[in-house]
Amino acid sequence: MLKLLRQSPLSARIGMGIVLLNILTAIFAPIIAPYGETKVVGDVWELFNSQFFFGTDHLGRDLFSRMVFGARNTIALAFATTALSFSFGIVLGFFAATLGGWTDQILSRIIDIIMAFPTLIFALMILSVVGSSVYSLVFTIAVLDSTRVYRLSRAVAMDIEVMEFVEAARLRGEGVWWLMRHEILPNAMPPLVAEFGLRFCFVFLFIAALSFLGLGLQPPAADWGGMVRENAGAITFGIYTPLLPAAAIAFLTVGVNLIVDWFLRVASGLKD
Amino acid sequence: MTKLLEIKDLYIEGWSEERWQTIVNGVSLELNRGEVLGLIGESGAGKSTIGLAAMGYTRNGCRLASGSIKLEGQELFGASSQFLRSIRGTQIAYVAQSAAASFNPAHRVIKQYTEAPVLKGLMSQKEAERKAVEIYERLFLPTPEKIGWRYPHELSGGQLQRAMVAMSMSCQPDIIVFDEPTTALDVTTQIEVLASIKEITEKMNKAALYITHDLAVVAQVSHRIMVLRYGDTVEAGETRELLKEPKEQYTRDLLSVRSLREEKVETEKDKIILEIKDVDATYTGREKVLQDINVNVRRGRTVALVGESGSGKSTLAKVITGLLPAVRGSITFLGQELHPELRKRSKEDLRKLQMIYQMPDTALNPRHRIRTVLGRPLQFYFGMNGKEAEDKIKELLDKIELAPDKYIDRFSTELSGGEKQRVCIARALAAEPELIICDEVTSALDQLVAEGILALLQDLQNELQVSYLFITHDLATVKAISDKIVIMLNGRIVEQGGKQEILTPPHHEYTDKLLASVPEMDPDWLDHLLAERASTFI
């Protein structure tokens, strides 16, 4: 593992640097942030000055502090959600592909039904029923997102499932779990990891959309997507404020994807 | 007169292990109009690389290092990609090894034929289609006026390969590069394709590079032969001379491998371990792909199951292993009737019946180290772990003649084809089976490597008294290792018996055809055979 790190290309190191920076920021938020997360400290939409690094937001809170605290919510939430949705999607998708027949039919049709609803509406519906706590938020988005992961992993697994090494394992008498875990998963990693990088970023936006509709993270808690929404109006006045949290999202996204790219290269075993 | 193709001192390098390594080592060759040059060698000899280089192309991760490639006096080395694109297809074309993998399954065959000439503005769609039908007819494809409108999956392997040869002719190139066009085909279809290739090169006066690892095949179609090994030219010469008096030891090795081995006569004393009785099988529920199959396998013996593709030999393997439950009949293994379905069989039954596949590349999980590949059956069947398993794995690697310490931690992707197949054998052996089904285990391998595998299987049989059910279309393999031969056609057994009995006349009519289709080293063999068949069919 260490050897692998040492051989990593520059792009991957930059990516790791970015992600590490974000994670450290999230962990040490209270130390880094000059002001409280929700404290109103200045005027509305102040431009950057010596007192406020990034200026202030629509309520006069320090934008920098909010972004530092926002890193916590955003990264943790996005990561938890994506990880959960991938666990659901991959397990079910592989199940469908390895078992085939009725299992596949039933699972796939259920997924089809879920996918038939616009995601946002479906999320609104579920959240308004179960209430908007962080857990229900993570769970709901994960379930909705996992439909796409399911589709992908099922398709990938079906390709692998017909390979002779899987047949060899079947003939050996291996159970479904072994087939999924040891024969299919390692070979399905490259496309799944790529998808992970992408989905990770979409989750920010989805949470932001939900926040905007009042069902995401509840204000005054800070999250980057939500901050873009809150301050969107500032753009009309030529104030850059909403661009900063947007830039933070983009920054992290690029970082994650740089790592994912590198991982793909290593995982696919391509040497050229 | 300028040569049609002239390659001089060509060096090609490939990027591996973090540096450029030479894979073609200063090869020179020339090709005149109407001439076929056979490039022969094992995999890794650089023959495909040279074939592609003749078009100014290299695979990903390779580069042309130095030398010169002149096509009708035009230098291709270092030429612009635009120029190269303009000559590919129109002046030089390529026929790949696996037509099945090279056709786009989503388009009709004829559309793929017409694509290039229409794109290059040589013909209109209608014209190109008319031309296609003409060529299909020349290449003896059945119903030439209709066949083009089928999708690739609706054609057989041999037909596809011929359609591919036709496709290479679509822009009337001067040179065609054939890269192992018949390797994936069985002997009877191989003849059809070889006849098509002869038709094109001789009657239409095209030049060709014919790449293969099979000396007997290349003897039929080429005027000159060039033997390659590890990117070096071993020797080159006129086909007849080279076959008659090979100068180099390596060429002699290639020539000599097709020899018979003695048969172990089957006696009643040997216990029958697998008894297949009146078995029928079907994929759809209606059409039967196997009918009335009766085969016995005795301990320590090898039964060869022979037939062309589509004859049902691999299906029979599926029925025996339980992947495709038989609809009728019974399979008795070691005195007990096997449940037709895989899932219902006991672990012991599964253990004693192992399988080795045709393509070692897909039969090994590319993400597993050899340790896992061999360790898992040990753990699964015998509960071996840790040191005990490690010792056993090393012992197995020793048996298959791979150095244990060197190989145990490698991924299967880091092995050559022959080594992979050896690992597959070890995986089967790890289960300590009574019977191993070998499904075309040597057909994806080079001649000399395949010989090595067969010898290994033979040694293991002598040592462990394991039985083999050997599925193959290669009669040379059959001659080499079997004790008993079962010949299949269209899902039925047409003839079975001891090796000598089957191989000595009189044969069943189909057996005769199969045996006659095995290429011989004689350069006139194909012409004679075609002439003979033409006269008998008329």
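One line per chain: the protein sequences are E and W, in this order. Just so it is clear: in the first sequence, position 229 is 229 by the working numbering, and no numbers are missing. Just so it is clear: in the second sequence, position 523 is 795 by the working numbering, and no numbers are missing. Yeah, the Cβ is synthetic: ideal placement off N, Cα and C, and Gly gets one too. Here the structure is a predicted model, which means the values were calculated and not measured.
Taking all protein chains shown into account, do 16 or more other C-beta atoms lie within 10 angstroms of the C-beta of W/A748, making it buried, or fewer, making it exposed?
buried
May I ask you to list the residues that DSSP assigns as paired with W/I544?
W/R570
So, is E/G238 buried or exposed, given that buried needs 16 or more other C-beta atoms within 10 angstroms?
exposed
Cα separation between W/E409 and W/R402?
11 angstroms
Short Cβ contact (8 angstroms threshold) for W/S468 with W/V437
yes
Give the interface partners of E/R170 over in chain W, defined as CB-CB distance under 8 angstroms, in chain order.
L595, L614
Hey, does W/A635 have any beta-carbon neighbour from chain E nearer than 8 angstroms?
yes
Among the residues of its own chain, which have a CB less than 7 angstroms from the CB of W/R600, if the five just before and after it don't count?
D550, V551, D552
Rounded to a whole number of angstroms, what is the C-alpha to C-alpha distance between E/L213 and E/W45?
22 angstroms
Strictly below 7 angstroms CB to CB, what residues from chain E border W/L324?
By Cβ distance, chain E contributes nothing, its closest Cβ being about 16 angstroms from W/L324, past 7 angstroms.
For the segment 416-424 of chain W against the segment 351-363 of chain W, do three or more pairs of beta-carbon atoms, one drawn from each stretch, fall closer than 8 angstroms, so that the two count as touching?
no
Quick one: which residues of the segment 35-58 of chain E get their C-beta closer than 8 angstroms to a C-beta of chain W? List them in chain order.
none
Does DSSP classify W/E613 as helix, strand or coil?
coil
Do E/G89 and E/V176 have their beta-carbon atoms positioned less than 8 angstroms apart in this structure?
no
Under 8 angstroms, Cβ to Cβ, is there at least one residue of chain W near E/P191?
no
Going by the DSSP bridge assignment, what does W/I708 pair with across the sheet?
W/Q626, W/Y740
Contact check, W/A385 vs W/M439 under 8 angstroms by CB: the rounded distance?
Note that residue 385 of chain W is Tyr in the sequence shown, not Ala. Yes, W/Y385 and W/M439 are in contact; Cβ-Cβ is about 5 angstroms, under 8 angstroms.
Close Cβ partners of E/L54 (< 6 angstroms) along its chain, the five nearest in sequence each way excluded:
Checking the displayed sequence, the identity of residue 54 of chain E turns out to be Phe instead of Leu. So the qualifying residues of the chain are F48, L63, F64, L244.
Report yes or no: is there a C-beta of chain W within less than 8 angstroms of the C-beta of E/K271?
At E/K271 the pLDDT is 43, less than 50, meaning the model places this residue with poor confidence; the figure from the coordinates comes in the next sentence. Taking Cβ atoms only, chain W reaches closer than 8 angstroms to E/K271, which makes this a yes.
Kindly indicate the opening and closing residues of the beta strand (DSSP E) around W/S602.
600-605
Using 8 angstroms as the threshold, is the C-beta distance between W/V493 and W/V499 below it?
no
Residues of chain B with CB closer than 9 angstroms to the CB of W/F652, please, in chain order.
Going by chain labels, chain B is absent from the structure shown, which instead holds the protein chains E and W.
Once DSSP output is grouped into helix, strand and coil, what is the label at E/V156?
helix
Count the C-beta pairs between the segment 600-615 of chain W and the segment 754-774 of chain W that are closer than 8 angstroms, then say yes if the count reaches three, no if not.
no
Classify W/I312 as buried or exposed, calling it buried when 16 or more other Cβ atoms lie within 10 Å of its own Cβ.
buried
Check whether W/T484 and W/G310 have beta carbons under 8 angstroms apart
yes
CB contact flag (W/G323, W/D451, <8 angstroms):
yes
Here's the rule: buried if 16 or more other CB atoms are within 10 angstroms of the residue's CB, otherwise exposed. What is W/E673?
exposed
Which ranges would you report for the alpha helix (DSSP H) in the segment 323-400 of chain W if only whole runs of at least 4 residues count?
353-359, 371-374, 381-391
At a CB distance below 7 angstroms, what residues from the segment 620-631 of chain W approach chain E? Give them in sequence order.
L622, M627, Y629, M631
Measuring CA to CA, which of W/I448, W/L717, W/I759, W/Y283 is closest to W/N304?
W/I448
Determine, using beta-carbon pairs with one atom in the segment 731-751 of chain W and one in the segment 560-571 of chain W, whether at least three such pairs fall under 8 angstroms.
yes
So, is the C-beta of W/R639 closer than 8 angstroms to a C-beta in chain E?
yes
Taking just the CA atoms, how far does W/I743 sit from W/A508?
35 angstroms
Inter-stretch contact (C-beta, 8 angstroms, three-pair minimum) for the segment 166-184 of chain E and the segment 213-231 of chain E
no
Using beta carbons (cut-off 8 angstroms, strictly below), is E/P30 in contact with chain W?
no
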